[in-house]
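Take a look at the structure below.
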Amino acid sequence: MRSICLILQRIHDDGPALLGAAGYESRLARSLEWPALAEDIAGARAVLTRDARVDAALMDAAPGLEVIGVHGAGVDNVDLAAATARGILVVNTPGANARSVAEHALALAFHLAKSLGPGDRAARASDGAFKYRSALTELEGATFGVVGFGAIGAATAQLARALGMQVVVWTRRPADPAVAAAGFTQIVALGDLLAQADIVSLHLPGGAGTRHLIGAAQIARMKASALLINTARGTVVDEAALAVALREGRISGAGLDVFEVEPLPPSSPLIGLDNVVLTPHVSGSTQAALKRTATALAGEVIAALAGHRPTHLVNPAAWSARRFGALCEAGG
């Protein structure tokens, strides 16, 4: 009987095909609700997730679970402490969807700068006067602030530079060698970047360390003409504070692909605002990105199940514990 890899949410077909070629049986979960999910995962050696939560209870429902694979870079949907305590490896796929997310971040910026939404509505309403009252923005020469400089932040910075924008970067590392190596200017204080930038694009992981990093005080540092773009995690932004600032015109607009609660609740104050463009967490969902991510994830899971250290191992302590246990067993 082949080892089971349970896929919680559908991924590109090339991922399961790669698992099958390696001798593993991939199954799509019938539901993300108990008890069906507990039954489906019971015999699994690996579980693959996009954004579905993998917590301690789910891990305990699979006593033979060895690997949790995350489709993408962010792992805030996995209880890492619980996985590490159980010796379960957690792997992800940083960079696989970087280009697609970067393009989406720029698309949101263009949508706002060129008033594409209002312009579309004006055209449909035969509103020929729209051009005389709209305030469109040329992006060449604008200051583009990148907050976070992982694979996606770096790709976004490169696209912005190619468009003729002046790119500045803030990261949580005071002197990030990656920023200097890429030829960008690093701003030491986040508040200084926010004050300088015409567009602020967020590229940070979720978690306690970045929760509401952009709140009322930070938004107050931004220019009234500035745009805020978030394709990272919804929790990085205090949505209530952002909605107030947008409604009062204290920043010009926001483009958001991620939210504190997903899907975005109908009661969200963001929905009724004209100076915000919203997309439902799809920035990494181009066909090219989905294929790269699914195959990269399958490769990481296959390596882990074969006893090899994965390239993108999130919790090295689990690997060390596993190897130590194996040595102890070999030594008797």
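Each position in the sequence shown, counted from 1, maps to that position plus 1 in my numbering. Every residue, glycine too, gets a C-beta built ideally from N, C-alpha and C. Remember, predicted model here, so these are calculated numbers, not experimental data.
Of the residues the options, the one placed nearest residue i, counting alpha carbons only
i    : options                   : result
V147 : A53, T172, E139 and S127  : T172
L164 : V180, A182, E249 and A143 : A143
A233 : L247, A18, T85 and P95    : P95
E240 : A114, S268 and K224       : S268
T312 : A295, G300 and A322       : G300
G254 : G151, G44, V278 and A295  : V278
H282 : G118, D41, G75 and Y25    : G75
A108 : R310, V237, A244 and N231 : N231
A62  : A114, V48 and H72         : V48
E249 : P264, V237, I220 and T236 : I220
L228 : V237, D199 and V238       : D199
E40  : G235, I5, A305 and P266   : I5
A322 : A110, G235, L140 and A86  : A86
C-beta contact flag for residue i and residue j at 9 Å
i    : j    : result
A161 : S202 : yes
T157 : A106 : yes
R51  : L66  : no
G207 : D80  : no
I272 : A23  : no
G149 : H213 : no
A155 : A179 : yes
A99  : A152 : yes
A97  : L298 : yes
I252 : S226 : yes
Neighbourhood of residue i by C-beta distance below 7 Å, restricted to the same chain and skipping five residues each side
i    : result
L29  : I8 and R11
A84  : M60, I69, V91, N316 and A319
G21  : S27
D15  : K292, A295 and T296
S116 : S135 and L137
A242 : G216, A217 and I220
Chain-order list of residues whose beta-carbon lies under 6 Å from that of residue i (same chain, five-residue window excluded)
i    : result
L328 : Residue placement at L328 is flagged as unreliable, the pLDDT there being 42, under the threshold of 50; a coordinate-derived value is accordingly withheld.
Q167 : T144
T138 : A114
Assigned exposure category for residue i - 16 Cβ within 10 Å defines buried
i    : result
P317 : exposed
V262 : exposed
P17  : buried
L257 : buried
S284 : buried
A246 : buried
Helix, strand or coil at residue i according to DSSP, with G and I counted as helix
i    : result
V278 : strand
L66  : coil
W320 : helix
L265 : coil
V315 : coil
F111 : helix
I42  : helix
V201 : strand
I188 : coil
V91  : strand
Sequence-distant residues of the same chain with beta carbon closer than 8 Å to residue i, five excluded per side
i    : result
H13  : Q288, L291, K292, T294, A295 and T296
Y133 : none
Q197 : T144, G146, V169 and I188
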